[in-house]
Amino acid sequence: MKTYQERFAEACRVTELERHESPARHSAYEVRITNNGQKHYVDGPFFTYEEAAISAEILRKSCRNARTDSKFCQDHPAITPHLIRDCRSARAKLADLLKNHP
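Taking my numbering as reference, the numbering of the sequence shown is continuous, increasing by one, and the terminal residue is 115.
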């Protein structure tokens, strides 16, 4: 079984958002928890499902219902650069977390 660091290294090869069903739509991934039937955003967005899955697995140690969820966004000049910046920021936070994780 691969370690978190190995899985993260593979996920970091992706540097752009995935297209979803059309050229004008992107998919990103986030971590959410469900509490009393309501979903709450916890972490992300991430470029890849694998990054979000790693984050969810780590969070599941303290919050057992952390799950990976997909998010779809229109390719718009006002939205896409911010989404990419947020994905890079979430990736950097996850990298810092994995440095201290066994």
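Positions of the beta carbon are idealized from the N, C-alpha and C atoms, including for glycine.
query: Among 113, 67 and 75, which has the Cα closest to the Cα of residue 21?
result: 67
- request: Classify residue 85 as buried or exposed, calling it buried when 16 or more other Cβ atoms lie within 10 Å of its own Cβ.
  value: exposed
- request: Take residue 96 and list the residues in its own chain whose beta-carbon comes closer than 8 Å to its own, dropping the five residues that flank it on each side.
  value: 30, 39, 41, 58 and 86
task: Thinking residue 44 and residue 24 are a contact (beta carbons under 8 Å), I'd like their distance in whole angstroms, please.
output: In fact, because the Cβ distance is near 14 Å, the residues do not count as touching under 8 Å.
task: Enumerate in chain order the residues of its own chain whose CB-to-CB distance from residue 73 is below 7 Å, with the five nearest sequence positions on each side excluded.
output: 79
query: Roughly how many angstroms lie between the CA atoms of residue 100 and residue 48, to the nearest whole one?
result: 25 Å
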